[in-house]
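Shown next, in structure tokens, is the structure this report addresses.
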Amino acid sequence: NTKSNYIVFVKSTPLISNEGFEQILNSATDWSSSGTNVLVDSSQKHSGLKSLKIFKGGYVLQRPNDLKGADGKTFTLNLWAKNSSALRIGNKVGVQGSTSWSLPKERSINFTGISDQWKQFNITITLPSTDADTDYHVVLGTESTNLGTIWFDDVSLV
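According to my numbering, the sequence shown is numbered sequentially starting from 4.
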């Protein structure tokens, strides 16, 4: 009697596309951009060859398919970030709803301790089961009053 052991590797599809910003931003397949003050930067990166550079009111957003109708579910948004020394408080990073386009504090990342060195940040988010939103977006951006620059890399949502 012979028993066989099998190891099965299952590659899951990431909830975030182009999470390392290795490709040019493409609103049809991954990140939609404000068009200004946002660029893929090959001079700064946490891993891979590129990162996302945002300054003075720029933003990108992505609507992961698995967040559609995900009320009541819990997700963790992870990312690596660094900034220029002139960056002010006022980043808009987190998960927002498409109905109100608001970014509640409980769904946004606190960037305490951000510096000119790469640092990992994350937030665990439970989408409200009573929310009027039926569609959510991951948003990375800055307020228009920011004077500095922020870079993002290796963004994931699990």
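Cβ atoms here follow ideal geometry from the backbone N, Cα and C, with glycine treated the same way.
Asked	Found
With burial defined as no fewer than 16 other Cβ atoms inside 10 Å of the residue's Cβ, what is the status of Q123: buried or exposed?	exposed
Excluding the five sequence neighbours on either side, which residues of its own chain have a C-beta within less than 8 angstroms of the C-beta of V161, listed in chain order?	L18, F78, T79, N81
What residue does the beta strand (DSSP E) around S159 start on, and which one ends it?	152-160
On the criterion of 16 or more Cβ atoms from any shown chain inside 10 Å, does L52 qualify as buried, or is it exposed?	exposed
Just to confirm my understanding: we take I117, look at its own chain, exclude 5 residues before and 5 after, and list those with CB closer than 8 angstroms. What are they?	A84, K85, N86, L90, F124, I153
Just how far apart, CA to CA, sit L143 and F58?	11 angstroms
Spell out the partners DSSP gives T129 in its beta bridges.	T77
How far does the beta strand (DSSP E) with S54 in it extend, from its first residue to its last?	54-58
Report the option in S54, T39, F155 whose CA atom is closest to the CA atom of Q26.	S54
Which residues in the same chain as S37 place their Cβ atom closer than 6 angstroms to its Cβ, once the five residues preceding and following it in sequence are excluded?	G61, Y62
Are the CB atoms of V158 and L64 within a distance shorter than 8 angstroms?	no
How far does the beta strand (DSSP E) with T145 in it reach, from first residue to last?	139-145
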